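>
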Amino acid sequence: MAEEEAGGLVFHPMDQFVVKPLFGEGAVNWYTPTNATLWMALAALAITALLVFGTRGRAIVPNRVQSIAELLYGMVHKMVEDVTGKDGLKYFPYVMTLFCFILFANFLGLLPKSFSPTSHIAVTAVLAVLVFAGVTVLGFVKNGAHFLGLFWVSSAPLALRPVLAVIELISYFVRPVSHSIRLAGNIMAGHAVIKVFAAFAAVAAIAPVSVVAITAMYGLEVLVCLIQAYVFTILTCVYLKDALHPAH
Amino acid sequence: MENLGQLGQYLGAGLACVGMAGAAMGVGNVAGNYLAGALRNPSAAASQTATLFIGMAFAEALGIFSFLVALLLLFAV
Amino acid sequence: MFSLLQQTAPVVVEESETVVITESAEAAGHGADAVAAADAAHGAAGHAASAPGMPQLDFTTFGNQIFWLLVILAVIYWVLSRIALPRIGGVLSDRQGAITGDLMAAEEFKHKAKEAEAAYDKALADARAEAGKIVAANKAEIQKELDAAIAHADAEIAARSAESEKRIGEIRASAVEDARSVAREVTAALVENFGGKPDQGLVDTTVDQRLKGVLQ
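Protein chains in written order, with this note's numbering: chain A, -11 to 236; chain B, 485 to 561; chain C, 101 to 316.
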């Protein structure tokens, strides 16, 4: 195996995801400040710095930081408006919260020695379940029983409709699963792959290849971080649209 | 006997990774068709990028599932 | 990889066992976080059974992560919905308003510029017409003066030439007279020299007859 021919290669690709208490050793209670807490809080701070302190000038002609903040705002605002329509704009703050949190947690997780909260199923599952539960409740509140029309494909032949209804129902309940695992899996996979390449760097002969590979993976990960935040957000918008306009 | 079990674990993990090939083909298919359509009608391309990403995300999610199965076999069984 | 897993496995199991002990002690102490304790016990059972390797499946940390995630999300939501988003939205709509206002002002200015241009063109055309009129008037006046001057000069010239004509006539007449008297005197002197007695009257008529063809 690898370690025999390379003389003691050590792979610990998953160690970077361990949740540890920030101060001292011991058990991780629900209130314990951990490294996950730290990096989530840093994400919140970064968001505040960009979106609040970056825009405190309220300038008509924006400076650099303010134009980045406006770019984010405009992008998410347009996404919500395009996908869900005007009546979806009521939920724009929450969608923006999701997008900013995921984006900043992803990007901060790319820093060396950092921790990615979004690589944990626990975090992404909560995000996805919040969206799923919120959308389902909203759908029933807004449309009542009419919301069930989402599963009754009226454009299909009558004989097929029960079958399709079962499929639609299953796919509806798979939504939070794929929604959460997509994000966590992408981030986890990227970080683990970089870690594996980093372990190969211990062997002098292949170290240059390994360094180049890490650089390339890092570039890909930057892209993936942005795209996953975008995808999570736009899927949220799509689910929201289903709740607001369930007509199939 | 324990080694045999581990053998199964690793074999299964490796086989699960084959599923990523399917996801790769799916994502490539989505991107390729998008590009083909965009070259035919560039004016409509910009309005469909959101659909492109949604399609890629769905295709990619299945690859991530196979990756997850591999990880579960390696570390959690 | 095999030996690696085997090396790390006991350590991790040990850790999770200590976690189990402390967690269950905690749970026994405070019934408050029963969920976390249940998670912990569940995870610990899973851990004890096999060699855990994925921190993502370490259920002892789930309660912690979920709790802090909800706290952070609430904080971000509060900051965004109360401060950041209204501010950015305000800035964007202000800018939109400013741009619209500026565009309208620009349109206004353009309109004014067009009006000014039309007025300028009109003034220019008027000035041209006026100038043409003045030029025509001047031309007519000058022509009149010129005609008068020419007529005057013609009259002058005619007068002068008549006078000259008269003087020339006088001069010619006197010259003829002179020539006649000279001729008479010469004739009388010749006759005298030839020994004749010049008859003045005869000489005069003869000379006049001879001269008639020569002079004039």
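Every residue, glycine too, gets a C-beta built ideally from N, C-alpha and C. Quantities reported herein were computed from a predicted structural model and do not represent experimental measurements.
Can you have a look at A71 (chain A) and say buried or exposed, based on whether 16 or more other CB atoms are within 10 angstroms of its CB?
A quick correction: the sequence has Val, not Ala, at residue 71 (chain A). Flag for V71 (chain A) reads buried.
> Over what stretch of residues does the alpha helix (DSSP H) that includes A530 (chain B) continue unbroken?
It is not in any alpha helix (DSSP H) - A530 (chain B) carries neither H nor E in the DSSP assignment.
> Grab me the residues of T25 (chain A)'s own chain with a C-beta within less than 8 Å of its C-beta, minus the 5 sequence neighbours each way, in chain order.
Closer than 8 Å at Cβ, skipping near neighbours: L10.
> Checking 9 Å against the spacing of the C-beta atoms, do A554 (chain B) and G492 (chain B) come in under that value?
no
> Which residues does DSSP list as the beta-bridge partners of T22 (chain A)?
A:P9
> Within the 9 Å Cβ cut-off, does L552 (chain B) reach chain D?
The displayed structure is made up of protein chains A, B and C, and chain D is not among them.
> Exposed or buried, which one is H108 (chain A) when buried takes at least 16 other CB atoms within 10 Å?
buried
> On a CA-only basis, which of A:S55, A:I182, A:M67, A:R170 is nearest L99 (chain A)? Give me that one, please.
A:I182
> So V123 (chain A) packs on Y227 (chain A), CB below 8 Å; how close in whole Å?
Indeed, because the Cβ distance is near 5 Å, the residues count as touching under 8 Å.
> Can the beta-carbon of M28 (chain A) be found less than 9 Å from the beta-carbon of I166 (chain C)?
M28 (chain A) is not a Cβ neighbour of I166 (chain C), given a cutoff of 9 Å.
> Could you tell me whether any Cβ in chain C is nearer than 9 Å to the Cβ of S142 (chain A)?
no
> So with Cβ pairs under 9 Å, would you call G492 (chain B) a contact of chain C?
no
> Just the C-alpha distance for W178 (chain C) and F161 (chain A), rounded to the nearest angstrom, thanks.
The straight-line gap from Cα to Cα measures roughly 29 Å.
> Give every residue of the same chain whose Cβ lies closer than 6 Å to the Cβ of D139 (chain C), excluding the five residues on either side of it in the sequence, and list them in chain order.
The predicted position of D139 (chain C) is uncertain, since its pLDDT is 43 and thus under 50; a value taken from the coordinates is nonetheless stated next. Cβ within range, chain order: F159, F162, G163.
> Under a CB-based cut-off of 9 Å, is Y19 (chain A) close to chain B?
no
> Identify the contact partners of N272 (chain A) in chain B, using a Cβ-Cβ distance below 7 Å as the criterion.
Lying before the first or after the last residue shown, residue 272 (chain A) is absent from chain A, which here runs from -11 to 236.
> Using a Cβ-Cβ cut-off of 7 Å (strictly less than) and excluding sequence neighbours within five positions of H65 (chain A), which residues of its own chain qualify?
F80.
> Please tell me whether V235 (chain C) has its Cβ less than 9 Å away from any Cβ of chain A.
no
> Show which residues of chain C have a CB atom less than 7 Å away from the CB atom of M63 (chain A).
Correct list: empty, because the minimum Cβ distance to chain C is about 12 Å.
> In chain A, which residues lie with their C-beta within 9 Å of the C-beta of E486 (chain B)?
Chain A residues near E486 (chain B): none, gap ~17 Å exceeds 9 Å.
> Check whether the region 509 to 522 of chain B touches the region 214 to 231 of chain A, taking contact to mean three or more Cβ pairs, one atom from each stretch, closer than 8 Å.
no
> Provide the residue span of the alpha helix (DSSP H) that contains P186 (chain C), from first to last.
185 to 293
> In terms of alpha-carbon separation, which member of A:N23, A:H134, A:V49 lies closest to D194 (chain C)?
A:V49
> For R524 (chain B), is the classification buried or exposed, using 16 other Cβ atoms within 10 angstroms of its Cβ as the cut-off for buried?
exposed
> Give the C-beta separation of S168 (chain A) and T203 (chain A) to the nearest angstrom, bearing in mind that I take them to be a contact with Cβ-Cβ under 8 Å.
30 Å between Cβ atoms; not a contact.
> Roughly how many angstroms separate the alpha carbons of L203 (chain C) and A213 (chain C), rounded to a whole number?
The straight-line gap from Cα to Cα measures roughly 15 Å.
> Tell me whether the region 179 to 191 of chain C and the region 34 to 53 of chain A touch, counting them as touching only if at least three CB pairs, one residue from each stretch, are closer than 8 Å.
Yes: the two stretches touch, three or more of their Cβ pairs being nearer than 8 Å.
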